[in-house]
Each structure stands twice: as structure tokens, then as C-alpha cells.
Amino acid sequence: MKNAAKKIYIALIFIFLYAPIATLMVLSFNASKTRAKWGGFTFRWYASLFKNEVILKALSNTLIIAFCSALIATVIGTIACIAMSGMHRRTKAVILGITNIPMLNADIVTGISLMLLFISFGFRFGMGTILLAHISFNIPYVILSVMPRMKQLNPSTYEAALDLGASELTAFFQVVFPDLFPGVLSGFLMAFTMSLDDFIITHFTKGAGVDTLSTKIYTEVKKGIKPEMYALSTLIFVTVLTLLFLVNFSPTKKSNQTGID
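Just so you know, we're using numbering that gives the first Met the number 0 here: the sequence shown kicks off at 0 and counts up by one.
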């Protein structure tokens, strides 16, 4: 009885998680524009998607901002972790607490405060202000990912590299950075995902005439979301699913697991 209850519970979790995505994917192949009835199977919306310049522009804006903000935030966050590693324990704890505040803060508060900051400095709203806003809220996530790896480092290896004649820069990139890389990569992917998914902060800092996918979908909700958006969402989901499959079932990972066994 207990095993049956567990299976039902797990099945319900999967239904709640993936039933909406399955519905979206089915509607992306629906020939009818209405979501109330099935009009037949078609690839029409996928073909129309690649002809819709407005949606493609919003997609390119989203990807550019997500990649650039994640890259810059990763560099800044990694440098911040290196700097904090040399601080006194109490000072480091205070700074870590301060960097955690943006993650605990409500997005609407962050969005409004950044908007007011840009207005007070006379910034022109557009891609630049969105990029700055995304960098600011991505940095804490990078620090959160890199700092645990920083704590695991053995400082003796860096000092040994210096004693053997390596310069400080060479010692860092050849000795320290390889150990930090998993955390750096995790922080980059986390920042990229957060930027890709953000709506509230982007809405307050984007300005007129600039849209990302999230803000574009929001403007279409009032008049009805175009079926091309269903097709685009399906492609994004399938792409992410494929990447996850490749990462988790790659030959390298299998060989590493075999070696461990």
C-alpha cells in the first residue's frame, strides 16, 4: 500500500510539472488558431515562426542579453570570490550576507529601484539598461556557485606553483582556475538561465521599442498569444532537453563512471 501511494504521488508530481508543457507542445502543431478545438496536425506555425521578424528580434535580444550579462557577471563574481577568500572571516561573512540580499529581495523592488537609479543618472532606457540590470542581479548567483569551490581549494598548490617559478597569472590559470572551473561554469549557466527567464526587472528597465521574449509574450496576452510562440517555446524546451541529455549521457561521463566503479 505504501509503495502504491509513493508511485501515485510521484506520478502526480510529474503530471503537474509536465502536463502544461505537453499541452503547449500539442498546441504548437494545432492547425486551428483557437485553443478550444483541434484543427488538424500542421507545421505551419513553425514555418511562420522563422518568418516573424518581431519574434525573432525578441529572441535575439533575449539571447544576447542573457549571454553577455552571464559572462560579465561570471567574471565579476569570480573575482569577488577570489577577493573575499583573502579577507578576515567576519568581514567575509558580512560581505556574503550583503551579496545574498538581492537574491532574497522581491524582483519588483529590484526592478523599481534600478529604474529609479537609471532615471536619476539620466540613462537612456534600452538594451544597455537591461544588460546592467541583469548583470547586477546575476552576480550574487555566480558568487553562490563559485564560493563553495573556493573554500575547497588548497592554497599550498598555488604557493608551490609560485615557488617553482610560475608567475602569479600563470599559477592562477594553470593551478587555481581548473579547480574553480566547475563552479564558474555552474555560475555562468545559472546566470544565463536567470537572465533568460526574467520578466519583472526587464519590464521596468527595457524602455520603449525594446522587447525580450518575456516582455513580448506579456504584451500579447491581452490580445491573444500567437501560435508561433507555442512553436518557439517547444523548440526551446526540446533544445534544453537535448542539452541535458547530452551532458548526462555523454561518453566521457560514462567512461568516468566506469573508471570509478
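Ideal placement from N, C-alpha and C gives every residue a C-beta, glycine not left out.
Just so we're clear, the structure is a prediction, and the values are computed from it rather than from any experiment.
Helix, strand or coil for residue i? Go by DSSP, reduced to three states.
{"i": "Met-0", "result": "coil"}
{"i": "Phe-42", "result": "coil"}
{"i": "Asn-153", "result": "coil"}
{"i": "Ser-27", "result": "coil"}
{"i": "Arg-283", "result": "With the chain represented from 0 up to 260, any question about residue 283 goes unanswered, as that position is not in the structure."}
{"i": "Lys-6", "result": "helix"}
{"i": "Phe-124", "result": "coil"}
{"i": "Ile-224", "result": "coil"}
{"i": "Phe-49", "result": "coil"}
Can the beta-carbon of residue i be found less than 8 angstroms from the beta-carbon of residue j?
{"i": "Ala-105", "j": "Thr-204", "result": "no"}
{"i": "Asn-137", "j": "Ala-82", "result": "no"}
{"i": "Glu-61", "j": "Thr-211", "result": "Looking at the sequence itself, residue 61 is Thr, so the reference to Glu does not match. In contact: Thr-61 and Thr-211 (Cβ atoms closer than 8 angstroms)."}
{"i": "Thr-218", "j": "Thr-201", "result": "no"}
{"i": "Pro-101", "j": "Thr-109", "result": "yes"}
{"i": "Phe-191", "j": "Phe-66", "result": "yes"}
{"i": "Ile-142", "j": "Cys-80", "result": "yes"}
{"i": "Leu-130", "j": "Ile-235", "result": "no"}
{"i": "Tyr-140", "j": "Met-193", "result": "yes"}
{"i": "Leu-58", "j": "Leu-231", "result": "yes"}
{"i": "Ser-84", "j": "Met-189", "result": "no"}
{"i": "Leu-152", "j": "Thr-77", "result": "no"}
{"i": "Leu-113", "j": "Ser-135", "result": "yes"}
{"i": "Thr-73", "j": "Val-220", "result": "no"}
{"i": "Gly-38", "j": "Ser-47", "result": "no"}
Along the alpha helix (DSSP H) that carries residue i, what are the first and last residues, could you check?
{"i": "Phe-198", "result": "Premise fails: Phe-198 is in no alpha helix (DSSP H) and is neither H nor E."}
{"i": "Asp-106", "result": "106 to 119"}
{"i": "Ser-59", "result": "52 to 84"}
{"i": "Gly-96", "result": "88 to 103"}
{"i": "Val-209", "result": "That residue, Val-209, is in no alpha helix (DSSP H); it is neither H nor E in DSSP."}
{"i": "Thr-33", "result": "First-last for Thr-33: undefined, no H or E at that position."}
{"i": "Ala-165", "result": "That residue, Ala-165, is in no alpha helix (DSSP H); it is neither H nor E in DSSP."}
I'd like to know whether the C-beta of residue i is nearer than 8 angstroms to at least one C-beta of chain D.
{"i": "Ala-159", "result": "Absent here is chain D; the protein component of the structure consists of one chain."}
Which whole-angstrom value describes the C-beta separation of residue i and residue j, a residue pair presumed to lie in contact below a C-beta threshold of 8 angstroms?
{"i": "Ser-144", "j": "Ser-185", "result": "4 angstroms"}
{"i": "Thr-238", "j": "Met-24", "result": "Actually they are not in contact, since the Cβ atoms of Thr-238 and Met-24 sit about 13 angstroms apart, beyond 8 angstroms."}
{"i": "Gly-208", "j": "Thr-128", "result": "Contact flag wrong, Cβ pair sits at about 13 angstroms."}
Whether or not the stretch 172 to 186 and the stretch 150 to 160 are in contact is what I'm after, with contact meaning three or more pairs of Cβ atoms, one per stretch, closer than 8 angstroms; do they touch?
These segments touch.
Is the stretch 227 to 234 close to the stretch 44 to 60, with three or more CB pairs under 8 angstroms?
Taking 8 angstroms as the limit for Cβ pairs, the verdict is that the stretch 44 to 60 does touch the stretch 227 to 234.
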